[in-house]
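Visitor: Could you have a look at this structure, given as structure tokens, before my questions?
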Amino acid sequence: MVLKFGIEFVPSEKTLDVAYYSKLAENVEFNNIWITDHFTNRSVFASLTQVALYTHKITIGTGVTNYYHINPCVIASAIATIAEISGGRTILGLGAGDKVTLGNLGIDRIKPLAAMKESIEIIRKLLNGETVNYNGEVFNIPHAQLGFKIKHKAPIYMAAQGPEMTKLSAQIADGVLINASHPHDYEEAKKNLEIGFQERNLPKRKFDIAAYTSFSVHEKPDKAINAAKIVVAFIVAGSIPLILERHSIPLEEAKNIEASLSKNKFGDAINMVTPGMLDAFCIAGTPEDCISKIEELQKTGVTQLVCGSPLGPSIPDAIKLMGKTILPAFRAKW
Amino acid sequence: MRFGIEFVPNLSTLDIAYYSRIAEDLNFDNIWVTDHYNNRNVYVTLTHVALYTNKITIGAGVTNPYHINPAVIASSIATIDEISGGRTVLGIGAGDRTTLADLGIERKNNLAAVRESVSIIRQLWAGKAVQHEGTAFNMSNAKLGFKIANILPIYLAAQGPNMTELAAEIAEGVLINGSHPQDYVFAEKMLKKGSAKSERCIMPPTFDVGAYTVFSIDKDREKAVKAAKVPVAYIVAGSIQEVLDRHNIDKAVSDKIGEELRKGNINEAKSLVNDEMMDLCAVIGDVDECIEKIEALQGAGVSQLIVGTPIGPDILKAIKTIGKSIIPVFKKEG
């Protein structure tokens with residue numbers, strides 16, 4: 011199967027910058043743009059609007075939004091609006107949200123699994139033009155219907171980390187976004203996806219397994235790795251023990267990094283990032299280094315490689331370099 | 013007198029961007045885009061409008077803190093302001109009762125919810141880490157991650173006396189769903205009460221009294237009336253007791269209209285709308301009649317006249333007529 015390439019943009023950058031990077035990514039034939047959604051950054055839907063208007067063929071989507079800080083019915087109409095503006099080039103990426111960020115807003119992530127399942131059902135019905143009369147565990151929606159015609163129904167991808175969410179994605183979604191950069195994580199995920207698939211009558215090749223990686227590329231490997239270190243420090247600090255053990259990272263090292271980050275001592279945290287951590291949690295290095303790691307991921311069944319933050323020491327340079335070196339390496343085989 | 017215009021995104025964002033461009037060319041001052049989950053997304057629409065215009069003020073008219081978290085409203089409006097180069101205002105209210113009820117959302121403590129939202133949004137725009145323990149919201153350490161150039165003006169949508177009072181107490185403007193001078197004579201009392209509480213000046217340009225009117229203009233009065241019947245039916249059905257009493261409209265008739273609208277019996281609802289209701293709840297007529305009514309509103313203290321749905325039997329023609337024949341009359345005086 012041909013490996014698709016996606017790229018993540020975080021609207022800590024201006025929407026105009028994101029639109030410019032998106033145009034570059036489209037020109038070098040990325041397949042998919044994913045825009046993150048946190049209240050702390052610029053609006054995901056405003057960003058997607060500008061991206062939609064500046065591009066013409068690349069698929070664009072939320073990567074990912076959540077049904078806790080925006081009502082799922084508002085998500086449905088917002089993604090339908092983006093689909094209309096982009097001429098049907100839209101995917102909805104949906105997740106349970108970031109615990110810390112939602113915690114700051116005083117939002118409890120009530121029953122994330124049920125909330126996910128219910129949101130997807132509600133959004134699908136609305137996009138189908140149906141009237142929703144929904145009585146769920148989390149959402150109670152007596153009478154909702156969209157007032158405009160939906161020409162393009164966006165596929166729905168689920169962000170999944172734990173085994174249950176991963177299973178659920180195989181049961182009900184059109185794709186899954188997994189936040190991981192190492193083959194071991196995908197071997198694990200695959201087991202859970204297989205369980206989910208057993209309960210579903212969908213040709214597996216239609217389901218997109220997207221690896222949402224932390225990615226950094228530069229011709230000089232040190233530069234690529236240095237740019238990735240802070241991102242990896244945050245991933246290590248935020249990882250549950252199960253994940254740390256999977257990658258043989260001592261819990262204590264993770265705790266030390268977490269302590270430094272919480273005191274905003276970023277320099278200290280960066281210094282504590284080990285080669286083992288880098289190997290586990292990011293794809294960083296020269297184009298050749300990246301290609302061989304992507305090939306390993308592809309072998310585990312990944313069908314879309316999403317290049318996530320930091321991308322490289324310079325975002326536009328990284329996009330151009332990927333377009334020249336990495337993407338063609340995978341296109342050529344097919 | 014300032015002139016605003018309301019667009020409802022039951023039209024495509026491209027159509028609204030096009031109409032906005034025409035309104036800008038004809039010296040309208042403000043574009044207001046409504047926010048209901050069943051229509052296209054307000055922030056997507058505003059982004060499209062921002063990119064197609066260059067000087068007109070644009071805003072949500074209005075959003076609510078029930079279907080989107082106020083922190084998301086803060087970052088979304090800030091994003092629109094950045095895209096538009098500092099031309100953005102926020103209109104916020106307690107939302108439409110019927111629409112939110114369809115989503116299973118109860119408007120609890122609506123005065124507190126609006127008051128707290130305004131406070132949270134302003135603090136976020138000021139770059140503060142918000143600590144808020146209120147009756148509607150609880151936030152700890154919520155902070156925007158990008159710089160905001162401006163603390164933007166906030167308008168409150170008000171119908172009842174308490175919300176009107178609150179607008180003068182805490183906001184930079186009020187948006188009143190009223191098309192008759194009587195509404196503003198009444199509002200003025202409440203505004204004075206509110207401004208006395210906070211010792212704020214509510215004279216223009218410090219404070220803007222926006223008349224969010226049902227507006228319908230055409231050379232042929234019959235046509236103008238016909239186009240406004242459904243919007244007036246919705247206004248009558250949605251009016252609170254105080255407003256009905258002020259206009260001597262029978263509550264039973266208002267309820268009956270509401271029932272027919274809910275059942276989708278548009279013609280029955282229209283047939284219950286009489287001439288008096290049309291006169292009380294809309295600005296209707298040819299150029300001369302509209303000018304006369306706008307002058308009366310101005311006399312009652314209105315500082316921004318917002319031409320709302322339907323604008324006219326033919327939107328484009330109506331925008332051009334207002335821009336060419338009405339706005340110049342009032343701008344000359346100013």
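In the order they appear, the protein sequences are chains A and B.
In the working numbering, each number is its position in the first sequence, counted from 1, plus 10.
In the working numbering, each number is its position in the second sequence, counted from 1, plus 12.
Beta carbons: idealized from backbone N, C-alpha and C, even for Gly.
Since the model is a prediction, treat every value here as computed from it, not as a measurement.
1) What are the residues of the segment 29–54 of chain B that lie near chain A, defined by any Cβ-Cβ distance shorter than 7 Å?
2) When burial is assigned at 16 or more other CB atoms within 10 Å of the CB, is Gly-71 of chain B buried or exposed?
3) Looking at Ser-207 of chain B: is its Cβ nearer than 8 Å to the Cβ of Ala-180 of chain B?
4) DSSP puts Gly-139 of chain A in a beta bridge; with which residues?
5) Please go through the segment 117–163 of chain A and give each complete alpha helix (DSSP H) segment of 4 or more residues, from N-terminal end onward.
6) To the nearest whole angstrom, what separates the beta carbons of Phe-342 of chain B and Arg-258 of chain B, a pair I think is in contact under 8 Å?
7) Checking 8 Å against the spacing of the C-beta atoms, do Gly-146 of chain A and Ile-160 of chain A come in under that value?
8) Going along the chain, which residues of its own chain have a beta-carbon closer than 8 Å to the beta-carbon of Lys-241 of chain B, five neighbours each way excluded?
9) Tell me, to the nearest whole angstrom, how far the beta carbon of Val-84 of chain A is from that of His-79 of chain B; I am working on the premise that it is less than 8 Å.
10) Quick one, which of A:Leu-271, A:Ala-220, A:Ala-339 and A:Lys-14 has its alpha-carbon nearest His-192 of chain A's?
11) Should Thr-225 of chain B and Ile-318 of chain B be called a contact, given that it needs their Cβ atoms to be closer than 8 Å?
12) Spell out whether any CB of chain A is found under 8 Å from the CB atom of Asp-27 of chain B.
13) Which value, in whole angstroms, describes the spacing of the CA atoms of Ile-17 of chain A and Gly-107 of chain A?
14) Of the choices B:Ile-95, B:Ile-338, B:Glu-304 and B:Asn-50, whose alpha-carbon is the least far from that of Leu-26 of chain A?
15) Measuring only between beta-carbons, confirm whether Asn-138 of chain A sits less than 8 Å from chain B.
16) Could you check how far apart the C-beta atoms of Ile-117 of chain B and Leu-102 of chain B are, in whole angstroms? I think they sit under 8 Å.
17) Find the nearest neighbour of Met-345 of chain A within the set A:Gly-277, A:Lys-273, A:Met-282 and A:Ala-234, judged by alpha-carbon distance.
18) When the Cα of Glu-306 of chain A is compared with those of A:Asn-150, A:His-194 and A:Asn-266, which residue comes out closest?
19) Return yes when the C-beta of Tyr-167 of chain B is under 7 Å from any heavy atom of the ligand ATP, and no when it is not.
20) Examine the Cβ distances between the segment 81–100 of chain A and the segment 14–33 of chain B and report whether three or more of them are shorter than 8 Å.
21) Whole angstroms are fine: how far does the CA of Met-13 of chain B sit from the CA of Gly-346 of chain B?
22) In whole angstroms, give me the CA-to-CA distance for Ile-323 of chain B and Gln-208 of chain A.
23) Check the Cβ of Phe-158 of chain B against every Cβ in chain A and list those closer than 9 Å, keeping chain order.
24) Note down, in chain order, all residues in the segment 85–97 of chain B with a beta-carbon under 8 Å from any beta-carbon belonging to chain A.
25) What distance in whole Å lies between the Cβ atoms of Lys-235 of chain B and Pro-325 of chain B, which are believed to be in contact at a cut-off of 8 Å?
26) Starting from His-60 of chain B, trace the alpha helix (DSSP H) in both directions and tell me its first and last residue.
27) Checking contacts by CB at 8 Å: is Leu-123 of chain A closer than that to chain B?
28) So, helix, strand or coil for Lys-14 of chain A, using DSSP?
29) Which of the residues in the segment 229–259 of chain B, read from start to end, lie with their CB under 9 Å from any CB of chain A?
30) Looking at chain B, is there any beta carbon in it that lies within less than 8 Å of the beta carbon of Ile-151 of chain A?
31) To which residues of the same chain is Leu-123 of chain A closer than 7 Å at the C-beta, ignoring the five residues directly before and after it?
32) Roughly how many whole angstroms lie between the Cα atoms of Glu-36 of chain A and Arg-127 of chain B?
33) How is the beta strand (DSSP E) around Gln-143 of chain B delimited, first residue to last?
34) Distance check for Asn-76 of chain B and Phe-19 of chain B, CA to CA, integer angstroms please.
35) DSSP puts Glu-18 of chain B in a beta bridge; with which residues?
36) With H, G and I counted as helix, E and B as strand and the rest as coil, what does DSSP make of Pro-243 of chain B?
Guide: On the basis of the data shown:
1) Tyr-49, Asn-50, Asn-51, Arg-52 and Asn-53
2) buried
3) yes
4) Bridge partners of Gly-139 of chain A: none, in fact.
5) 122–137
6) Actually they are not in contact, since the Cβ atoms of Phe-342 of chain B and Arg-258 of chain B sit about 26 Å apart, beyond 8 Å.
7) no
8) Lys-282, Val-285 and Met-290
9) 5 Å
10) A:Ala-220
11) yes
12) no
13) 19 Å
14) B:Ile-95
15) no
16) 20 Å between Cβ atoms; not a contact.
17) Because chain A is modelled from 11 through 344, residue 345 of chain A falls outside the range shown and cannot be assessed.
18) A:His-194
19) As for the ligand ATP, it is missing from this structure, which has no ligand bound.
20) yes
21) Because the pLDDT at Gly-346 of chain B is just 48, under 50, the model does not fix this residue reliably, and the value given afterwards should be weighed accordingly. So the alpha carbons of these two residues sit roughly 7 Å apart.
22) 56 Å
23) Pro-21, Ser-22, Glu-23, Lys-24, Thr-50, Asn-51 and Arg-52
24) Ala-86, Ser-87, Ser-88, Ala-90, Thr-91, Ile-92, Glu-94 and Ile-95
25) 5 Å
26) 54–64
27) no
28) strand
29) none
30) yes
31) Glu-174, Met-175 and Leu-178
32) 44 Å
33) 142–145
34) 17 Å
35) B:Trp-44
36) helix
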